[in-house]
Each structure stands twice: as C-alpha cells, then as structure tokens.
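Data block below; observations after.
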Amino acid sequence: MDPYKSSPPGSPIATRSARPRHRPDRGDNHLTVVTARRSIDRSTELGRARAQMVWSSAMATRGASAALLVLALVAAVGAEDPYHWFEWKVTYGTKTIMGTPQKVILINDMFPGPTINCTSNNNIMVNVFNMLDQPLLFTWHGIQQRKNSWQDGMPGTMCPIQPNTNWTYHWQPKDQIGSFFYYPSIGMQRAAGGYGIITVHSRDLIPVPFDNPADDFPVLVGDWYTKDHTVLAKNLDAGKGIGRPAGLVINGKNEKDASSPPMYNVEAGKTYRFRVCNVGIKASLNVRIQGHNLKLVEMEGSHTVQNDYDSLDVHIGQCMSFLVTADQPPADYLLVASTRFIKEVNTITAVIHYNGSSTPASPKLPESPSGWEWSINQWRSFRWNLTASAARPNPQGSYHYGQINITRTIKLSTSRGKVDGKERFAFNGVSHVDPETPLKLAEYFNVTDGLFQYNIIGDVPPAAGTPLKMAPNVVQAEFRTFIEVVFENPEKSIDTFHIDGYAFFAAGMGPGTWKPESRKTYNLLDTVSRHTIQVYPRSWSAVMLTFDNAGMWNVRSNIWERHYLGEQLYVSVISPERSLRDEYNMPETSLRCGKVVGLPMPPSYLPA
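For the sequence shown, my numbering begins at 17 and goes up steadily by one.
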C-alpha cells in the first residue's frame with residue numbers, strides 16, 4: 017500500500033457554542049492585567065507608546081504600589097485590548113534531570129518558564145532581564161506577530177538583549193487562538209530549557225466547538241541533552257554532531273518526578289484538555305494515554321474535525337490539543353511519550369491520577385505505532401473544522417484557499433556538505449549565517465550593501481553536486497501574493513519546518529521529488545491551517561499561503577543542529593505603500609547593533 021495515497025476530505029462537524037475557560041496564570045511573573053474596552057483600531061502607534069510609558073512607570077514602583085499605579089494609568093493606555101504585564105528574570109540554575117546536576121536556563125527560577133495565558137488580540141508585555149553570560153532573545157513559536165516582525169525574537173529581526181540588561185517585548189496574538197510555546201532562539205540555548213507554553217483563548221462572544229473542559233493541562237514534552245548548550249554549540253562549530261538525546265522530559269521533569277506526585281489529577285466522569293507541544297530539538301514523538309481515547313480538537317491555532325485517536329505523532333515544533341474523558345475505572349493511568357523513527361527508543365511516562373483512587377497504574381504500556389506509513393496516514397486524517405469559528409466570528413471554512421490562483425512556486429530542497437572541512441546544512445545550496453546587523457534592521461535603515469544580497473537562491477534547487485556556500489539567505493516575496501512552498505527532504509531521516517509570521521495550508525506530501533502533477537494529490541478543501549510541517553525521508557511536503565504580513569520572517573528546520581548549521585533562510589515581505597495599515601514602524605525602544613547604531617530613524621510609515 018502506498019502510504020502517500022490520498023484519502024477523501026472528511027466531513028465537517030457541527031459546532032456547539034461554549035465560552036472559553038480562561039485560567040489565570042499560575043506563575044508569579046504576571047504582575048497584573050489591565051482590562052479596557054476595545055477600540056476600532058486596536059493597536060495604534062500611540063497606544064503602543066503609551067503602554068511602554070505605563071510599563072516603565074510600573075517598573076519604577078514595585079510591589080502593591082506598582083499594581084495601583086498601573087490601574088491608575090489605565091486611561092493613558094487608551095481604549096485598547098487588555099494588557100498582560102510580565103517581568104522575567106532569566107538566569108542559570110542547577111537541575112538534576114537525567115540523574116546528574118546540570119546547568120538549565122530558568123525564568124523566575126522556573127523550568128519550564130511561566131505560562132502566558134491570554135485571549136485573542138490581548139497586548140502582551142514581557143520585560144526580560146537577561147542575567148545569563150550570553151546575549152538572549154525569545155521567539156514566540158507560532159505567534160504570527162501581525163505587522164510586527166520587530167518582536168519576533170529571531171537573530172535576523174532583532175538585536176539581542178545583552179547580559180545584565182533588560183528589554184520589553186510587546187506583541188499581540190492577533191486573530192489567533194490555540195496552543196503555542198516560546199523559547200530562547202540564539203545558538204543552542206534552546207537545548208538548556210528556557211521554554212514555556214502560550215495558551216490563547218477565544219474571545220467571549222466567539223463560539224468554541226466543544227464544551228468547557230474541567231481543566232486545561234500543559235504537556236511540554238521533548239528530548240533532552242545532558243551536555244551544556246555551550247558544549248553542544250562548540251561541537252557543532254568544530255564539525256562534530258550532538259549525538260542522541262539522553263532521554264525525554266515532560267514539563268521539565270524526568271519519569272520519576274513526573275509520577276510522584278502525580279502530574280495530572282482528574283475527577284471521574286469529567287473531560288480535560290491536554291495541550292501537547294514537542295519542544296525538543298531532535299526527535300519526533302508519539303503520545304498516548306493508557307486506556308483512554310484522545311479526541312483531537314485543535315492544532316497550532318486551528319480547530320480540527322474531532323476524530324478519536326489511540327495515539328498522536330507530534331513532530332518537533334508542533335502543538336496539538338486533545339480532550340480526554342476520565343471514563344475508566346478509578347486508578348492511576350500513564351501518559352506515555354516515546355521517540356519515533358529512531359532505532360534506540362526513548363520513553364517517558366507521567367501519572368494521571370483519578371482523585372480518591374489508590375490503585376497504581378499498570379506497568380504495561382500501550383505500544384507505540386511503527387513505521388512511516390502509519391504516521392503518514394494519520395497526517396492525512398487531520399481535517400480543518402470548516403464550520404467552527406477560530407478567532408473571528410466567521411467559520412474557518414469561509415476562506416477557500418483551494419480556489420486561489422498560485423502566483424509562484426518556491427521549491428526548497430535541503431542538503432548537507434562540507435565547507436572548510438566542517439559539516440553545514442542548506443536550503444537550495446546556501447547555508448545561512450546571521451550577520452552582525454539583523455537583516456530587518458539593515459533593510460529598514462537601507463544599509464544592506466556589503467551585508468547581504470536578496471535572492472541568492474533560485475525558486476528551484478541547484479544541480480546535484482553544486483558546492484554549498486555560506487551567506488545570509490534572504491528571499492523576497494511580493495506582498496499579498498499566494499505562493500506555494502515545497503519542502504524537499506532527500507535525507508534518510510525526518511525533518512520539520514516552520515515559517516514565522518504565518519499559518520499555511522499543508523496541502524500535500526509525497527515520496528521522491530515534487531513535480532507539478534503532484535498537485536493532483538493535494539487536499540484543496542479542508543487541510544489544517546498550521547505553522548509547522550514534517551517532511552518524511554526522501555519525500556516532499558507542499559504548503560500554500562498568502563504573504564500578507566509585511567516584515568522579515570524566518571523559515572527554518574526545527575531540528576536545531578540543522579538550524580544552527582544553516583538550514584534556514586529569511587523571507588522579506590515589503591508593503592509598497594509604506595503604510596501603518598500593513599506594518600508598524602520600528603519601535604523607538606528597539607535595541608540597536610551593528611551598522612545601524614547611531615543612524616537617524618528612517619521616515620515613519622504613514623496612516624492608511
């Protein structure tokens with residue numbers, strides 16, 4: 017049986033109106049929430065400047081008086097969406113995760129970091145104090161940063177926060193709902209922790225296609241290395257690999273710590289939402305629960321057709337939400353995660369405890385599926401819920417992506433090779449390197465000469481055997497054009513890819529190399545709109561999207577050693593109107609570095 021053989025689109029399900037259950041943040045990082053009425057223009061330049069003023073004033077006055085000051089100054093913010101204020105102190109700490117003490121990146125002494133719990137369009141203010149001995153940036157994986165690549169947190173868009181300094185992010189999950197996460201994006205810092213979950217709820221008047229769950233559980237699961245992140249980076253710089261992970265963690269805990277006390281507590285008969293994100297850097301995972309069905313309801317910001325699964329494959333950088341009903345005899349049950357497509361399988365469990373029960377979990381674990389075919393078929397079963405509303409009142413299916421004419425096809429083929437005797441990875445023969453000046457700043461200040469050139473790769477891969485070259489890799493995309501991007505993976509192992517700033521339609525995948533006739537296999541009706549896609553070995557995956565979000569956006573492998581060694585690029589999307597309707601001005605508070613230090617600000621974008 018051909019694992020890539022297409023199946024017919026599924027039928028959408030009926031929706032049920034439900035108000036989102038908005039859980040308050042449990043960490044001490046959440047200073048206060050200012051509730052204000054929405055205005056027609058929810059994120060004006062003036063409002064953003066006023067918010068910075070409020071935050072600066074609050075930071076100058078700590079404790080209870082700070083909260084009072086914020087409330088007193090709410091009028092200064094203007095009639096915008098609510099503001100959530102966070103203060104993060106980022107430090108190193110020692111944790112014993114795999115049996116030996118090691119250095120971990122903590123946020124407010126927490127690993128994982130604090131939850132960012134918010135609602136669509138809320139204003140998120142995160143004041144980051146960098147107490148590490150390295151520069152630091154956070155990226156908000158899956159948050160589209162509409163008109164605002166200034167806050168995206170990648171080295172190509174922002175200058176880093178230097179040690180012993182602080183800087184405040186300000187972003188909104190505009191017209192987004194769902195499950196996302198954040199992590200440090202510089203070097204190999206991601207391997208040392210510093211990550212946390214972002215939950216974005218629907219606004220009160222937007223119906224949700226399932227009843228309120230009794231509780232909402234984060235499951236940040238991923239592979240884990242015991243080597244220090246600086247050692248991993250030095251190994252890669254020296255042309256070595258990082259090897260296999262030492263094991264897996266769930267919410268920063270090893271198997272023993274995830275079991276005693278139980279990680280999740282449930283009441284018999286009630287239904288719970290589990291938000292699972294693969295926050296690792298190397299391995300795809302399969303997630304399952306002893307004796308319980310997983311009802312998939314959301315994937316990377318989209319409501320899905322609510323199919324039941326015994327288990328779910330979650331690839332690096334992907335997030336899924338499923339509902340679990342506590343309908344089994346009261347006892348302890350194990351949530352199980354195990355690596356996929358790796359010869360030596362790593363497994364971790366966490367205990368789900370039925371309240372009032374003293375029956376231990378069975379030691380017999382549900383088996384993980386095997387092979388690629390099962391995983392591909394499961395991917396084909398994922399469907400967009402066409403009748404459900406996401407962040408807006410109109411149903412998701414009102415956007416008929418399959419009827420839009422494709423204006424351009426970009427085929428990105430990965431490759432590896434030696435440069436100066438050391439291994440590098442590339443898209444279309446170019447292995448990306450970050451210049452000292454972030455690409456977005458160089459573009460905004462018009463100082464790209466001598467720093468980078470646009471479009472040094474073509475829309476098709478070079479001939480086989482073409483030597484790799486190292487350079488900043490920036491592709492231009494015309495504003496508001498509908499483009500097909502095909503990722504080709506000629507390797508023997510799986511890869512996963514993410515596009516910042518956008519959600520795309522994962523239209524199809526297949527074996528070998530992509531050809532125009534491959535479009536006959538696409539799902540042009542109800543494929544899920546998402547931000548991360550896996551590409552199986554010696555295969556391709558095709559996505560389609562409208563490049564309507566002006567800015568500079570990173571396209572990357574989520575396998576972090578490949579990303580670190582050049583398997584990434586940036587897409588420059590410029591609005592010809594230079595209008596605030598399409599992109600915000602660079603914030604006055606933005607950090608400067610490289611060639612833009614001391615330069616006067618360019619002319620401001622004009623109101624629409």
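Every residue, glycine too, gets a C-beta built ideally from N, C-alpha and C.
- Query: Taking T173 as the reference, which of Q188, N180, W156 has the closest Cα?
  - Reply: In the sequence shown, counting from the first residue as 1, residue 173 sits at position 157. It is W156 whose Cα lies nearest to the Cα of T173.
- Message: For S391, report the span of its alpha helix (DSSP H) as first-last.
- Response: On the sequence shown, position 375 is the one that residue 391 refers to. Counting along the chain, the alpha helix (DSSP H) containing S391 begins and ends at 388-397.
- Mapping DSSP to helix, strand and coil, what is A208? Within the sequence shown, the letter at position 192 stands for residue 208. A208: helix per DSSP, three-state reduction.
- Task: Starting from N251, follow the alpha helix (DSSP H) in both directions and report where the run begins and ends.
- Result: Working through the sequence shown from its first residue, we reach residue 251 at position 235. Counted as a single uninterrupted DSSP element, the alpha helix (DSSP H) harbouring N251 occupies residues 245-253.
- Cβ distance (whole Å) where V640 is taken to contact F461 below 8 Å: The question about residue 640 has no answer here: the residues shown for the chain are numbered 17 through 624.
- S414 - DSSP class collapsed to helix/strand/coil: Counting from one through the sequence shown, the residue named residue 414 turns up at place 398. In the three-state reduction of the DSSP assignment, S414 falls in the helix class, which pools H, G and I.
- Query: Under a Cβ-count criterion, where at least 16 other Cβ atoms within 10 Å of its own Cβ denotes burial, should S72 be classed as buried or exposed?
  - Reply: Within the sequence shown, the letter at position 56 stands for residue 72. Since pLDDT at S72 reaches only 49, below the 50 mark, its modelled position is unreliable, and the value read off the structure follows with that caveat. With fewer than 16 Cβ atoms within 10 Å of its Cβ, S72 is classed as exposed.
- At what residue ranges does the segment 475-508 contain a whole run of the alpha helix (DSSP H), taking only runs of 4 or more? Along the length of the segment 475-508, whole alpha helix (DSSP H) runs at least 4 residues long do not occur.
- State the start and end residues of the unbroken alpha helix (DSSP H) segment that holds W576. The residue you call residue 576 lines up with position 560 of the sequence shown. Segment 576-580, the alpha helix (DSSP H) holding W576.
- Message: Considering Cα atoms alone, identify which of N164, N281, Y199, M617 is closest to K231.
- Response: The residue given as residue 231 occupies position 215 in the sequence shown. Looking at the sequence provided, one finds Asp at residue 231 rather than Lys. The candidate whose alpha carbon is nearest that of D231 is N281.
- Query: Does the count of Cβ pairs from the segment 520-533 and the segment 552-571 closer than 8 Å reach three?
  - Reply: Counting Cβ pairs under 8 Å, three or more are found: they touch.
- Message: Between V352 and T363, how many whole angstroms is the CB-CB distance? I'm expecting something under 8 Å.
- Response: Here the question's residue 352 lines up with position 336 in the sequence shown. Here the question's residue 363 lines up with position 347 in the sequence shown. Going by Cβ atoms, the distance from V352 to T363 rounds to 7 Å, so yes, they are a contact pair.
- Message: DSSP has G524 in a bridge; who is on the other side?
- Response: As a working mapping, residue 524 is identified with position 508 in the sequence shown. Partner(s): A558.
- Query: Using CA coordinates, which residue listed in P603, G445, F495, S300 is at the minimum distance from P477?
  - Reply: Here residue 477 is taken as the residue at index 461 of the sequence shown, counted from 1. If we check each option's Cα against that of P477, G445 comes out closest.
- Nearest residue (CA-CA) to N570, options N539, L607, G517: Along the sequence shown, one-based indexing puts residue 570 at 554. Checking every option, the nearest Cα to that of N570 belongs to G517.
- Query: Within 10 angstroms of its Cβ, does M617 collect 16 or more other Cβ (buried), or is it exposed?
  - Reply: Here residue 617 refers to the residue found at position 601 when the sequence shown is read from its first residue. M617 is exposed by the Cβ-count criterion.
- Query: Going by DSSP, what residues sit across from H157 in a beta bridge?
  - Reply: Here residue 157 corresponds to residue number 141 of the sequence shown, with the count starting at 1. Beta bridge pairing from DSSP links H157 with F197.
- When you compare each of S318, L484, V295, Q419 to K438 by their alpha carbons, which one comes out closest? On the sequence shown, residue 438 is found 422 positions in, with the first residue counted as 1. Just measuring C-alpha positions, the residue of S318, L484, V295, Q419 sitting nearest K438 is L484.
- Does the distance from the C-beta atom of S218 to that of A406 stay below 9 Å? For this step, residue 218 is matched to residue 202 along the sequence shown. For this step, residue 406 is matched to residue 390 along the sequence shown. Against a cut-off of 9 Å, the Cβ pair of A406 and S218 comes out as a contact.
- Message: On the CB-based measure, 16 or more other CB atoms within 10 Å of its CB, does I473 come out buried or exposed?
- Response: By 1-based counting over the sequence shown, the position of residue 473 is 457. The residue in question, I473, is buried, as its Cβ has 16 or more Cβ neighbours within 10 Å.
- Query: Could you give the residue range of the beta strand (DSSP E) that holds E439?
  - Reply: Translated into positions along the sequence shown, residue 439 becomes position 423. Under the DSSP assignment, E439 falls in the beta strand (DSSP E) whose first and last residues are 438-443.
- Query: Quick one: Cα of E271 to Cα of P277, how far?
  - Reply: Counted from its first residue, the sequence shown places residue 271 at position 255. Counted from its first residue, the sequence shown places residue 277 at position 261. Separation of E271 and P277 (C-alpha to C-alpha, rounded to the nearest whole angstrom) is 11 Å.
- Message: Quick check on K456: does DSSP put it in helix, strand or coil?
- Response: Along the sequence shown, read from residue 1 onward, the residue named residue 456 stands at position 440. Helix.
- Beta-carbon spacing of G268, I113 below 9 Å: The sequence position of residue 268 within the sequence shown is 252, counting from 1. The sequence position of residue 113 within the sequence shown is 97, counting from 1. Yes, they are a contact pair.
- Message: Which residues does DSSP list as the beta-bridge partners of H217?
- Response: The residue you call residue 217 lines up with position 201 of the sequence shown. Paired residue(s): T135.
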